[in-house]
Amino acid sequence: MSEDEGAALTDTPSWALEFPSRGTYIRFCKNQPLLEVLRSIKHGSSEWGYRYVTLCYAGSANSGILLYPLQDSEAPYFDFRYGANMDPRQVLRPLLERYPQCSVLDWSRGRLACLEAVGVDVELLAEIMQEIAGIVWGEQSHLVDGWYEEMGRA
Numbered sequence: 234m235s236e237d238e239g240a241a242l243t244d245t246p247s248w249a250l251e252f253p254s255r256g257t258y259i260r261f262c263k264n265q266p267l268l269e270v271l272r273s274i275k276h277g278s279s280e281w282g283y284r285y286v287t288l289c290y291a292g293s294a295n296s297g298i299l300l301y302p303l304q305d306s307e308a309p310y311f312d313f314r315y316g317a318n319m320d321p322r323q324v325l326r327p328l329l330e331r332y333p334q335c336s337v338l339d340w341s342r343g344r345l346a347c348l349e350a351v352g353v354d355v356e357l358l359a360e361i362m363q364e365i366a367g368i369v370w371g372e373q374s375h376l377v378d379g380w381y382e383e384m385g386r387a
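The opening residue of the sequence shown carries number 234 in the numbering used here; numbering runs sequentially from there.
As structure tokens, then:
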């Protein structure tokens with residue numbers, strides 16, 4: 234492992250290791266607006282089609298989102314840290330009613346939940362993620378830190 238890779242790993246929040254790791258975490262943003270980060274991923278180079286992105290709200294130890302590749306996706310989906318034991322469909326009921334294109338795909342008690350947002354653009358995706366951050370973590374900031382991992386290609 235190179236010194237740069239070691240620095241990238243050291244700078245990764247400890248909770249990120251709860252997500253299935255596929256390689257080295259590389260930091261690509263710090264204290265950036267969520268919407269701008271999502272836009273740069275969605276409209277960036279083709280490399281973003283092969284990257285798993287981990288986001289956390291700047292300065293928050295509780296937040297955590299694993300965003301699966303957005304490019305060419307009609308139904309973006311992401312995992313988020315979910316420490317509650319209650320079914321997230323109950324906790325997120327107001328969000329799910331306001332955004333009927335969203336659904337909880339899966340969840341593990343006290344660890345993670347996965348949400349899908351069929352047919353949404355990056356602006357609406359940012360809105361949905363921001364609302365989840367408020368409901369689940371009490372987060373009001375729009376600034377995120379981000380890391381990515383390269384996934385294998387066939």
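Quick reminder that beta carbons are idealized off the backbone N, C-alpha and C, glycines included.
Status (buried if at least 16 other CB within 10 Å, exposed otherwise) for P309: buried
One or two residues paired with S341 in a DSSP bridge: L345
Status (buried if at least 16 other CB within 10 Å, exposed otherwise) for G371: G371 should be labelled exposed.
Extent of the continuous beta strand (DSSP E) to which P266 belongs: I259 to P266
Nearest-angstrom beta carbon gap, L303 and A359 [assumed within contact, 8 Å]: No, A359 and L303 are not in contact; Cβ-Cβ is about 11 Å, not under 8 Å.
Nearest to P321 (by Cα), restricted to the options R331, R342, D305 and E307: For the residues R331, R342, D305 and E307, the minimum Cα distance to P321 belongs to R342.
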